[in-house]
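Protein chains in written order, with my numbering: chain A, 668 to 917; chain B, 4 to 451. Even for Gly, the Cβ is constructed at its ideal location relative to N, Cα and C.
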């Protein structure tokens with residue numbers, strides 16, 4: 668589904684990713700861990716098409732397409748989704764309008780018909796219940812004045828509505844208390860399927876207690892320095908990142 | 004284009020020609036007012052850019068034609084012209100004007116509660132001028148510019164609205180000002196609105212064109228609010244791209260009265276709106292919400308002159324501007340708090356969204372405070388669409404164009420939400436979508 672080959676990225680001439688390789692098959696859940704500044708979030712943003720990153724080498728193929736050539740919205744329409752660490756507030760833009768525009772854009776790309784308002788309302792209420800989101804948040808401006816937990820739930824709601832092929836969750840656990848984390852994780856787990864893949868970008872092992880990954884990778888110095896199964900995350904939790912990153916440097 | 008070399012001379016001749024035929028020409032107090040206004044007009048002429056209030060606004064694009072009233076427009080409106088432009092289908096009364104002249108056929112003023120009068124100023128001046136003597140010309144300060152003086156010198160027609168003490172209207176009063184060619188037609192519309200003690204009303208005005216002719220509207224409204232009175236006063240200026248439009252709104256507020264103005268200005272090649280609000284008795288409150296849009300080739304200018312003359316009044320002004328293409332906007336918001344006006348609460352905000360590299364806005368919020376126990380604030384922003392917000396929308400599959408439109412509408416939402424009638428809100432939303440779709444929005448830092 669996703670193949671990243673020797674990806675090199677820099678920001679303002681500073682290398683951020685240096686030869687990153689990753690392959691994600693349908694249905695797999697990959698966790699990407701690493702110390703602060705290791706390039707985890709940058710990797711997530713590069714995949715989604717955020718401005719400000721220069722790809723200086725390598726390639727990314729997503730379902731056969733050259734992902735890096737596609738504009739941001741085309742990547743989303745092809746089924747790539749990035750849940751942000753800091754979801755953006757859109758004052759004055761109704762959450763309902765935002766969700767409907769997004770869903771209909773993605774549906775149109777898949778060849779599905781535009782959902783009318785009643786059908787959309789029914790669907791969005793159903794999905795909001797899945798992430799335990801208060802219905803009044805649907806009527807408010809997108810993320811404006813939402814608590815940290817509400818913003819994250821809104822991200823997972825979008826994920827549930829848009830049904831992407833590949834969902835990248837960037838530090839979704841940050842700033843969440845244990846109850847909110849459980850709700851978000853339950854939402855994600857409910858969306859796991861043999862066709863849908865996930866990349867979980869996280870600093871801590873905590874999230875992985877709730878969403879069990881198939882693979883764990885450690886990113887350091889702009890490349891993956893170690894890969895393993897979920898036991899690697901436990902080991903990182905116990906021993907810190909030092910032993911992996913130092914070993915890689917040596 | 005028939006440029007006129009001496010605009011003051013042109014209008015003076017016009018006043019001399021029209022004066023004998025104006026309604027109430029033989030009514031002494033009215034004749035005196037018109038004569039004084041004429042004198043003012045001839046003495047001071049039109050404003051120049053050397054005057055602070057006109058610093059950013061050139062008159063070249065408004066005084067370039069021999070404007071004159073035309074009795075018979077090229078196009079007579081039909082019922083659909085009127086119904087298409089209605090903003091308040093549930094209006095308890097509707098007056099329709101064409102080029103400043105009342106059209107009785109399209110107006111309805113029936114089913115009004117006792118003590119409510121809605122009608123043509125022209126008719127009233129002819130039949131019962133004494134009903135207007137107390138107020139007409141008493142609120143407006145005719146001398147402030149050549150435009151206000153000219154309007155008063157030519158007082159002819161417009162809306163006359165009176166709501167007696169204690170009356171609460173069950174629905175809005177709608178005023179629809181249509182304009183249509185031939186070119187060079189001018190309308191010096193004059194409105195008088197008097198809301199009695201503890202009365203409550205909603206007034207919705209819509210200025211719209213029937214065709215693409217170059218027309219000039221010079222409107223002046225006087226609004227009087229009695230003690231405890233409350234008025235929701237919404238205006239939409241949506242004339243064609245050739246229109247020249249100036250509106251002066253003078254509001255005098257009694258004790259504990261409440262005025263809420265909503266001002267949406269979208270049309271015209273040259274457009275200016277001036278609010279002059281006087282809070283003359285304690286406890287009065289004034290709120291103004293405004294949205295102005297200037298597209299390619301348009302100038303859209305807003306001036307506020309809010310005066311707190313007595314203690315314990317509050318005012319809140321919130322104006323938002325969207326400037327596209329080579330559009331230009333001016334916001335000059337002045338709030339004056341006199342030495343006696345202790346316990347004043349005044350807040351002025353102006354936010355502007357520039358959607359192209361060539362868009363321009365001059366914004367000047369001014370708080371002049373002479374009292375020491377007050378709560379006052381002002382804030383101005385000029386910005387572009389946030390790249391992070393655009394990315395967020397696009398990362399959900401929404402096209403760049405729709406993302407920009409959603410953000411622009413979001414920017415205007417607070418003002419849209421303040422509309423007292425739904426028809427105005429939805430109309431403005433539709434018009435905004437259209438204006439934004441027509442004018443390509445340029446991303447920050449990208450060459451056109």
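Interfacial residues, the region 703 to 720 of chain A to chain B, with Cβ spacing under 8 Å: 715, 716, 717 and 718
Would you mind working out which of 421(B), 173(B), 384(B) and 64(B) sits nearest residue 485(B), comparing C-alpha positions? Look at the range of chain B in this structure, 4 to 451, and you will see that residue 485(B) is not part of it.
Nearest-angstrom Cα distance between residue 855(A) and residue 878(A)? As a first step, residue 855(A) is located in the first chain; it is residue number 188 there, counting from the start. As a first step, residue 878(A) is located in the first chain; it is residue number 211 there, counting from the start. Answer to the nearest angstrom: the Cα atoms are 8 Å apart.
Give a yes or no on whether the minimum CB-CB distance between residue 436(B) and chain A is below 7 Å. Translated into positions along the second chain, residue 436(B) becomes position 433. So, not an interface residue.
7 Å Cβ cutoff met for residue 193(B) and residue 227(B): Numbered from its first residue, the second chain carries residue 193(B) at position 190. Numbered from its first residue, the second chain carries residue 227(B) at position 224. No, the Cβ-Cβ distance between residue 193(B) and residue 227(B) is not below 7 Å.
Which runs of the beta strand (DSSP E) at least 3 residues long sit entirely within the region 681 to 754 of chain A? Give them in chain order. 681 to 691, 696 to 700, 721 to 729 and 747 to 750
Using a Cβ-Cβ cut-off of 6 Å (strictly less than) and excluding sequence neighbours within five positions of residue 218(B), which residues of its own chain qualify? Position 215 of the second chain, counted from the first residue, corresponds to residue 218(B). Excluding sequence neighbours, residue 218(B) sits near 182, 188 and 246.
If we count the other Cβ atoms within 10 Å of its Cβ and call it buried at 16 or more, is residue 305(B) buried or exposed? Here residue 305(B) is taken as the residue at index 302 of the second chain, counted from 1. Burial call: buried.
Can you list, in chain order, the residues of its chain with a C-beta nearer than 6 Å to that of residue 899(A)? Leave out the 5 residues immediately preceding and following it. Locating residue 899(A) in the first chain gives position 232, where the first residue counts as 1. The residues are 883.
What does DSSP give as the partner residue(s) for residue 675(A) in the beta ladder? Counted from its first residue, the first chain places residue 675(A) at position 8. Beta-bridge pairing links residue 675(A) to 685(A) and 724(A).
What first and last residue would you give for the beta strand (DSSP E) that runs through residue 220(B)? What you label residue 220(B) is simply residue 217 of the second chain in a count that begins at 1. 218 to 228 is the span of the beta strand (DSSP E), which, as asked, contains residue 220(B).
Given residue 699(A) as reference, the closest of 910(A), 913(A) and 903(A) once Cα atoms are compared: The residue given as residue 699(A) occupies position 32 in the first chain. Answer by Cα proximity: 903(A).
At the level of alpha carbons, what is the spacing between residue 264(B) and residue 849(A)? Indexing the second chain from 1 puts residue 264(B) at position 261. Indexing the first chain from 1 puts residue 849(A) at position 182. Roughly 48 Å separates the two Cα atoms.
Can you name, in chain order, every residue of its own chain whose Cβ lies under 7 Å from the Cβ of residue 104(B), other than the five neighbours on each side? Counting from one through the second chain, the residue named residue 104(B) turns up at place 101. Taken in chain order, the residues that qualify are 160.
C-alpha distance - residue 40(B) paired with residue 153(B), whole-angstrom precision: Mapped onto the second chain, residue 40(B) falls at position 37. Mapped onto the second chain, residue 153(B) falls at position 150. So the two alpha carbons sit approximately 7 Å from each other.
To the nearest angstrom, report how far apart residue 172(B) and residue 88(B) are at their CA atoms. As a working note, residue 172(B) is residue 169 in the second chain. As a working note, residue 88(B) is residue 85 in the second chain. Cα to Cα, residue 172(B) sits roughly 22 Å from residue 88(B).
Interface flag, residue 757(A) vs chain B, CB-CB below 7 Å: Sequence index remark: in the first chain, residue 757(A) carries index 90 (1-based). Cβ-Cβ to chain B under 7 Å: yes for residue 757(A).
So, is the C-beta of residue 749(A) closer than 7 Å to a C-beta in chain B? Taking the first residue of the first chain as position 1, residue 749(A) is located at position 82. Yes - at least one Cβ of chain B is within 7 Å of the one on residue 749(A).
For residue 780(A), I'd like the list of residues in its chain whose CB is within less than 8 Å of its CB, leaving aside the five on either flank, ordered along the chain. Walking along the first chain from the start, residue 780(A) turns up at place 113. Result list for residue 780(A): 774, in chain order.
Helix, strand or coil at residue 854(A) [DSSP, three-state]: Here residue 854(A) corresponds to residue number 187 of the first chain, with the count starting at 1. Helix at residue 854(A).
Close beta carbons around residue 701(A), own chain, < 6 Å, minus the five adjacent residues each side: To locate residue 701(A), count along the first chain from 1; it is residue 34. Closer than 6 Å at Cβ, skipping near neighbours: 707, 885, 886 and 887.
As assigned by DSSP and simplified to three states, the class of residue 911(A): Here residue 911(A) refers to the residue found at position 244 of the first chain. If DSSP states are grouped into helix, strand and coil, residue 911(A) belongs with the helices.
Could you check whether residue 772(A) and residue 400(B) sit closer than 7 Å to each other, using their CB atoms as the reference points? The count along the second chain starts at 1 and reaches residue 400(B) at position 397. The count along the first chain starts at 1 and reaches residue 772(A) at position 105. Yes, these two residues count as a Cβ contact at 7 Å.
Please determine, among 117(B), 92(B) and 85(B), the residue with the shortest C-alpha to C-alpha distance to residue 107(B). By one-based count along the second chain, residue 107(B) stands at place 104. Comparing Cα positions, the closest option is 85(B).
Between the region 367 to 393 of chain B and chain A, which residues of the former have CB atoms less than 7 Å from a CB of the latter, in chain order? 390, 391 and 392
Is any beta-carbon of chain A found at less than 7 Å from that of residue 430(B)? Along the second chain, one-based indexing puts residue 430(B) at 427. Chain A contact via Cβ: absent.
CA nearest to the CA of residue 827(A), picked from 675(A), 748(A) and 738(A): Residue mapping note: residue 827(A) aligns to position 160 of the first chain, counting from 1. Among 675(A), 748(A) and 738(A), the Cα nearest to that of residue 827(A) is on 748(A).
Which chain A residues sit within Cβ distance under 8 Å of residue 147(B)? The residue you call residue 147(B) lines up with position 144 of the second chain. Simply none; closest approach about 35 Å.
Taking the alpha-carbon positions, what's the residue 410(B) to residue 425(B) distance? Here residue 410(B) refers to the residue found at position 407 when the second chain is read from its first residue. Here residue 425(B) refers to the residue found at position 422 when the second chain is read from its first residue. Between residue 410(B) and residue 425(B), the C-alpha separation is close to 21 Å.
Say yes only if the C-beta of residue 905(A) is nearer than 6 Å to one or more non-hydrogen atoms of the ligand HEM, and no if none qualify. Annotation note on the ligand HEM: not contained in the displayed structure, which lists no ligands.
Cα-Cα separation between residue 73(B) and residue 129(B), rounded to whole angstroms: As a first step, residue 73(B) is located in the second chain; it is residue number 70 there, counting from the start. As a first step, residue 129(B) is located in the second chain; it is residue number 126 there, counting from the start. Cα to Cα, residue 73(B) sits roughly 20 Å from residue 129(B).
Please give the ranges of any alpha helix (DSSP H) in the region 823 to 908 of chain A, keeping only runs that are unbroken, at least 4 residues long and fully inside the region. 845 to 858, 873 to 877 and 897 to 906
CB of residue 138(B) within 7 Å of CB of residue 195(B), strictly: In the second chain, the residue the question calls residue 138(B) occupies position 135. In the second chain, the residue the question calls residue 195(B) occupies position 192. Yes, the pair counts as a contact, with Cβ atoms nearer than the cut-off.
Between the beta-carbon of residue 866(A) and the beta-carbon of residue 697(A), is there less than 7 Å? On the first chain, residue 866(A) is found 199 positions in, with the first residue counted as 1. On the first chain, residue 697(A) is found 30 positions in, with the first residue counted as 1. Contact: yes.
Taking the alpha carbon of residue 412(B) as the point to measure from, which residue in 440(B), 397(B), 309(B) and 390(B) has its own alpha carbon closest? In the second chain, the residue the question calls residue 412(B) occupies position 409. Ranking the options by Cα distance to residue 412(B), first place goes to 440(B).
Comparing the C-beta of residue 906(A) with each C-beta of chain B, is any distance below 7 Å? Working through the first chain from its first residue, we reach residue 906(A) at position 239. So no, residue 906(A) is outside the interface.
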